[in-house]
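Quick note: the sequence shown uses the UniProt record's numbering, first residue 1, plus one each step.
The beta-carbon is built from N, C-alpha and C at its ideal position, and this holds for glycine as well.
Step one of this worksheet: look at the structure below.
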Amino acid sequence: MAGFRDRGTYLDDLRIVPYPAVTLVVDFGDGLLVDDAAVREWRGSVVLGLGPGGVRVRGRAIDGLQIRLSPVVAHAVLRAAPEAGGAVVGLDDLWGRDARRTQERLRAAGTWEERFAIAEAALLRAHEAGRPVDPEVGHVWRRMVLSRGRVRVEPLAAEVGWSRKRLWSRFRSQIGLTPKRAAQLVRFDHAAHRLAAGHSAARVAAETGYADQSHLHRDVMGFAGVTPTAVAAAPWLAVDDVAWPAAPRRTSGT
Numbered sequence: 001m002a003g004f005r006d007r008g009t010y011l012d013d014l015r016i017v018p019y020p021a022v023t024l025v026v027d028f029g030d031g032l033l034v035d036d037a038a039v040r041e042w043r044g045s046v047v048l049g050l051g052p053g054g055v056r057v058r059g060r061a062i063d064g065l066q067i068r069l070s071p072v073v074a075h076a077v078l079r080a081a082p083e084a085g086g087a088v089v090g091l092d093d094l095w096g097r098d099a100r101r102t103q104e105r106l107r108a109a110g111t112w113e114e115r116f117a118i119a120e121a122a123l124l125r126a127h128e129a130g131r132p133v134d135p136e137v138g139h140v141w142r143r144m145v146l147s148r149g150r151v152r153v154e155p156l157a158a159e160v161g162w163s164r165k166r167l168w169s170r171f172r173s174q175i176g177l178t179p180k181r182a183a184q185l186v187r188f189d190h191a192a193h194r195l196a197a198g199h200s201a202a203r204v205a206a207e208t209g210y211a212d213q214s215h216l217h218r219d220v221m222g223f224a225g226v227t228p229t230a231v232a233a234a235p236w237l238a239v240d241d242v243a244w245p246a247a248p249r250r251t252s253g254t
């Protein structure tokens with residue numbers, strides 16, 4: 001979880017770089033406006049699924065809580081996997097009255113730590129009441145993350161004792177992407193952060209499992225809708241090391 005507050009800036013068409021996690025954005029400000037590639041708009045608190053980019057953010061007086069959930073955890077917390085393709089869903093549509101009550105408590109909280117505690121308690125309740133993913137699906141996702149997306153699907157199916165077809169079907173229904181696309185997203189995320197750290201596209205391609213620089217370019221365009229050069233300068237990635245350090249697990253920003 002991370003808290004974001006910027007009272008003096010107007011966000012205009014900020015493109016969100018895809019990330020291998022389901023993201024909850026709880027808005028406390030004057031109305032964050034989110035739109036996607038299908039030209040649909042949401043105001044306020046939303047859930048961003050896995051998948052390609054095309055999601056943009058606009059708004060003034062930003063004040064909100066962003067929560068990243070492993071898709072394995074999100075399946076139970078949100079009671080289903082968000083639709084494939086990076087879908088945006090209103091938080092109220094998934095949690096109903098629970099979402100409204102939780103947001104009211106979060107807005108009334110006096111400190112970030114209090115907000116984090118309220119959000120964590122709500123997530124734990126939802127997780128305990130939800131249905132977990134199949135252990136086999138959880139295992140395959142963890143292997144993808146540990147290998148940074150450099151893994152073939154067929155050996156993973158053999159590891160869990162499933163056919164390729166069964167793994168494809170169960171993984172997609174519970175995670176929101178096919179196994180192949182999910183592995184590509186994990187690899188893309190590693191490459192994107194290497195680009196943002198200042199490494200050249202040629203070096204990143206060679207060290208993250210792409211056939212060549214053109215392959216990296218196509219993958220970045222496919223996920224983010226922009227070139228590797230633009231991804232390297234993306235504001236959304238620039239704050240990652242500050243907002244999401246390896247430890248501690250909670251941070252607040254102003």
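Backbone secondary structure at residue i - three-state DSSP
i	result
residue 256	Residue 256 lies beyond the range of the chain shown here (1 to 254); nothing can be said about it.
Val226	coil
Gly29	coil
Gly3	strand
residue 264	The shown model of the chain, from 1 to 254, leaves out residue 264, and the question about it has no answer.
Val73	helix
Leu65	strand
Gly149	coil
Arg101	helix
Cα-Cα separation between residue i and residue j, rounded to whole angstroms
i	j	result
Thr208	Trp95	38 Å
His215	Ala205	8 Å
Ile118	Ala126	12 Å
Trp112	Glu159	43 Å
Glu128	Pro71	15 Å
Opening and closing residue of the alpha helix (DSSP H) in which residue i lies
i	result
residue 259	Residue 259 cannot be examined here, being either before or after the span of the chain that is shown, 1 to 254.
Ile118	112-129
His199	Careful: His199 lies outside any alpha helix (DSSP H) and carries neither H nor E.
Trp162	From DSSP, Trp162 is part of no alpha helix (DSSP H); its letter is neither H nor E.
Continuous beta strand (DSSP E) stretch holding residue i: start and end
i	result
Val88	88-90
Val47	46-48
Rounded Cβ spacing between residue i and residue j (contact assumed at less than 8 Å)
i	j	result
Thr23	Arg68	6 Å
Ile175	Val137	7 Å
Leu106	Leu65	7 Å
Val226	Arg58	With 8 Å as the limit, Val226 and Arg58 do not qualify as a contact, their Cβ atoms being about 17 Å apart.
Below-8 Å beta-carbon distance, residue i vs any chain B residue
i	result
Pro132	Judged by its chain identifiers, the structure shown contains no chain B, having just a single protein chain.
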